[in-house]
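K.L.:
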Amino acid sequence: MHGYLHTFLLAVPAGILLGYLMFLLERILQPLYKMLMLEKNDGLGLKPFLLAGGLGTGLHVLFDAPLYSDMRPFYPSTANPLYNPSLTPEIYGLCVWTGALGTAYYITLAGLSIYRRFSKKKVEQ
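First residue of the sequence shown? That's 0 in numbering that gives the first Met the number 0, and the numbers climb one at a time after it.
1. Could you have a look at R26 and say whether DSSP puts it in helix, strand or coil?
2. Compare the Cα-Cα distances from L17 to each of Y67, G55 and I90 and report the closest residue.
3. With G52 as the anchor, note down where its alpha helix (DSSP H) starts and where it stops.
4. By Cβ distance below 7 Å, which residues in the same chain neighbour L45 in space, the five residues on each side in sequence not counted?
5. Among G92, L66 and A99, whose alpha-carbon lies nearest the alpha-carbon of P84?
6. Around the Cβ of F48, are there at least 16 other Cβ atoms within 10 angstroms (buried) or fewer (exposed)?
Structural data, given as structure tokens:
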């Protein structure tokens, strides 16, 4: 199940490549980003996309490595020194809590943005 893309050697470059692809698609996706309040009108440069892609895939391998014995994160080494299934609840908990925190943060920012828009309109009237 966990093949070569679940190694740091290939996951990080693949993530950087995906980051570059997302950078190229940014112009097309900009209206969606704006509607979801994910980005301002001016967009981002290439560097944040590459960094997000590389870090995202690297962290994915790091979080998966303790969970699955068939992973070889340090390929070409066949060992998985990070394998520790007793960390499963902590890793899943971390993922759930960071997801919940991110969702709460996004909802708060969206709510503040909507509030500011309505309060500006009331002042102008």
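In this text, a Cβ means the ideal position worked out from N, Cα and C, and glycines have one as well.
The structure presented is a predicted model; accordingly, all values stated were derived computationally and were not measured.
P.N.:
Put simply:
1. Here R26 carries a helix assignment [DSSP, helix/strand/coil].
2. The shortest C-alpha separation from L17 is found at G55.
3. Boundaries of the alpha helix (DSSP H) harbouring G52: L45 to D63, taken from the DSSP string.
4. The beta carbon of L45 is closer than 7 Å to those of F22 in its chain, skipping five residues each way along the sequence.
5. Closest by alpha carbon: L66.
6. Per the 10 Å Cβ criterion, buried.
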